[in-house]
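Novice: Quick one: structure below, then a few questions.
Residue numbers (full-length UniProt numbering): 1 to 450.
Printed below as a string of structure tokens:
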């Protein structure tokens, strides 16, 4: 049974300008959690018998794990545990052919926590809060099926690093609760959270999805503190195909950076198709050999600018845009024109322009920013077509941004549009692209609205 569209899906279709046909999907900037404390206020998913009624109707599919704690909605997928290989066979598989946009899972966080910078301290603080609960052992039992099921399931280097990192603070917490003899049990809980938690907390059923750097499913992070998460098909998925999500955010990172993060946090090397193929189809430019900046520098700068923009979009947009353009210039000297990292930077440029356009300053300023917005959106779309399926939700917003950018420039100065974008030599060509992209945006959007 189909579920109603969520706020997280609607946000994915955010507009920088009003669109009379899509008013219900108006763009609203999300508040960013303050990262100043590791204080943990735990919220556990209630037992279905005592949980408040939900607007979801039960689906015909039921979980084989945590059957006593069923998610709000489970779509056409089945859980299999048919492999002893690390991470490869234990996961969800399509129970039938699944169209793009299909809702596969909707659940509330089992453990919900604030967004903080020091995740290591947060995990130990979470154990401390769990041990204050009367049903602490039941909570630990519910988290036991998470990887690692046994400490020895982890690669030796990761387990050694965990002992070095957590032994002293965890022993201190356990001593306070007179549970020093249960160190391995609670270290497993800590590592279960480290290897399976998302930004807003632990989602038990969602944790059973395996990772792919270019996955066939997409997880929507909740925009509010409700602690609700969805997983939907990002393309057509055939019966029996494994359902995958990305453990990384953003997805548009270099292979080296992705592999390092996956190895450090989860203890595995990714062998997905994207990692096997590489980050670009073309060769790097000759300037890469003499460039002073490294790709690592570029990605660190992009991450820092994303954080700065997220902290206060309306205040920091101008500063971030200027720095993002410099980062883009550095990147173009280092990597091929079709490198995956360029998607990340073009998106950042487009997002900051989006924020600046909302201010509606002087006409000349709007023209300049609109040109940047449209150019970055156009380049982003060209890259997305190489990496993403035609039905991917990320394409929808980019298509709409291009349409809105064309419309905005045509309304201010059509000659500027034609001069800056030789791809569209005439007014008719630009109008045709605007119309086609608007239709395609609405087609993709409809896939995710059930």
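Don't be surprised by glycine CBs; every beta carbon is placed ideally from N, CA and C.
Fair warning: this is a prediction, and the values are worked out from it, not measured in the lab.
(1) Whole angstroms is fine: what's the gap from residue 72's alpha carbon to residue 426's?
(2) Counting only the same chain and skipping the five closest in sequence on each side, list residues whose C-beta sits under 6 Å from that of residue 280.
(3) Going by DSSP in three states, residue 203 sits in which element: helix, strand or coil?
(4) List the endpoints of the continuous beta strand (DSSP E) containing residue 209.
(5) Would you call the CB atoms of residue 378 and residue 402 closer than 9 Å?
(6) Give every residue of the same chain whose Cβ lies closer than 6 Å to the Cβ of residue 90, excluding the five residues on either side of it in the sequence, and list them in chain order.
(7) May I have the straight-line CA-CA distance separating residue 144 from residue 200, to the nearest angstrom?
(8) Less than 9 Å between the C-beta atoms of residue 101 and residue 448, yes or no?
(9) Can you name the residues that DSSP bridges to residue 78?
(10) Look at the alpha carbon of residue 376 and the alpha carbon of residue 328, and state the distance between them as a whole number of angstroms.
(11) When the Cα atoms are used, what is the spatial distance from residue 197 to residue 286?
(12) Any idea what DSSP makes of residue 300, helix, strand or coil?
(13) Looking at the structure shown, is residue 107 part of a helix, part of a strand, or coil, going by DSSP?
(14) With 16 other CB atoms within 10 Å as the buried threshold, where does residue 233 fall?
(15) Which of the three DSSP states, helix, strand or coil, is assigned to residue 306?
(16) So what does DSSP say about residue 220, is it helix, strand or coil?
(17) Return the CA-CA distance between residue 140 and residue 260, expressed in angstroms with no decimal places.
(18) What would DSSP say about residue 433, mapped onto helix, strand or coil?
(19) Quick one: using the 10 Å Cβ neighbour count with 16 as the cut-off for buried, is residue 167 buried or exposed?
(20) Between the alpha carbons of residue 175 and residue 248, how many angstroms are there, rounded?
(21) Closest by CA to residue 191, which one among 277, 206, 153 and 228?
(22) Does the Cβ of residue 148 have 16 or more other Cβ atoms within 10 Å, making it buried, or fewer, making it exposed?
Specialist: The relevant details are as follows:
(1) 51 Å
(2) 336, 338 and 339
(3) coil
(4) Taken as a continuous stretch (DSSP letters only), residue 209 belongs to no beta strand (DSSP E), as it is neither H nor E.
(5) yes
(6) 81
(7) 20 Å
(8) yes
(9) 93
(10) 10 Å
(11) 41 Å
(12) helix
(13) strand
(14) buried
(15) helix
(16) strand
(17) 29 Å
(18) helix
(19) exposed
(20) 35 Å
(21) 153
(22) buried
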